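Taking it in order: structure first as structure tokens, then the write-up.
In the working numbering, the protein residues as written are 10 to 255.
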């Protein structure tokens, strides 16, 4: 079961992005929004039989926890007596005795769960390749960011859900290859946008929907209606998750 601290982070991000909509249960959210992400999966420490997490992209077969690795180091420095070697066939069995790959890897990080390859970060859950970031759930390859859910390939972003390959973007949902934008939804390849939805390949705009200009009053009336309809259709057979599905 996910820890309360991570549930609180999840709810905080959801409230910023969808302030008028009740959060989806986090298990439902994960099922819908993370199926395409390379998130860590659970394996087992070959020594202690405890859970360990490793990225999907790795093809390793045997894993070891940091605790088990240090226990072995303290016994014999993780070394083996020398044997006569005359061919590769002599080496392979010895390699199989020691070829255990470390999972759940962290450096200078704290409050990390079900994650791998985390550096100088804190409050990280089920994420991988995270650097100098905080409060990331279901993230992949994130730098200098905080309060992100189900996002990948981002830098200097905050309070976002399903952000992809973007920078300096905040309070937004389903944004790809974009920068310096905020309070945007379902946008791709945009720059310097504020309060826009379903926009592509434009910059320095506000109150646009589907590349059409609206007044502030019109936009603020349409936005909550559109977002509610979007959430309501998510679990229907013909529903869509991201603008790329359309």
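We put the CB at the ideal spot given by N, CA and C, even for glycine.
No experiment lies behind these values; they were computed from the predicted model shown.
For residue 155, I'd like the list of residues in its chain whose CB is within less than 7 Å of its CB, leaving aside the five on either flank, ordered along the chain. 142, 143, 144 and 167
Applying the 10 Å Cβ sphere with the 16-neighbour rule, what's the burial state of residue 157? buried
Here's a check: name, in chain order, each residue in its chain whose Cβ is nearer than 7 Å to the Cβ of residue 188, leaving out the five neighbours to either side. 175, 176, 177, 178 and 200
Express the C-alpha separation of residue 102 and residue 244 in angstroms, rounding to a whole number. 50 Å
Where does the unbroken beta strand (DSSP E) through residue 81 begin, and where does it stop? Note, residue 81: premise wrong, no beta strand (DSSP E); alpha helix (DSSP H) at 75-85.
Residue burial classification, residue 43 (beta-carbon count within 10 angstroms, cutoff 16): buried
Given this structure, state the Cα-to-Cα distance separating residue 254 from residue 171, to the nearest angstrom. 13 Å
Looking only at its own chain, which residues have a Cβ that is under 7 Å from the Cβ of residue 21, when we skip the five neighbours before and after it? 156
Three-way DSSP call (helix, strand, coil) for residue 163 in this model: strand
Please report the distance separating the alpha-carbon of residue 10 from that of residue 121. 14 Å
Give the straight-line distance between the Cα atoms of residue 198 and residue 50, rounded to the nearest whole angstrom. 31 Å
Check whether chain B comes within 9 Å of residue 158, counting only Cβ atoms and requiring the distance to be less than that. Protein chain content of the structure displayed is limited to a single chain, and chain B is not contained in it.
Those residues which DSSP pairs with residue 203 across a bridge: 191 and 215
So what does residue 128 bridge to, in DSSP terms? 116 and 140
Rounded to the nearest angstrom, how far is the Cβ of residue 135 from that of residue 147, given a contact under 8 Å? 5 Å
Run of the alpha helix (DSSP H) containing residue 53, from where it starts to where it stops: Premise fails: residue 53 lies in the beta strand (DSSP E), 50-53, not in any alpha helix (DSSP H).
Span of the alpha helix (DSSP H), counted from its first residue to its last, around residue 178: Here residue 178 belongs to no alpha helix (DSSP H); instead the beta strand (DSSP E) covers 176-185.
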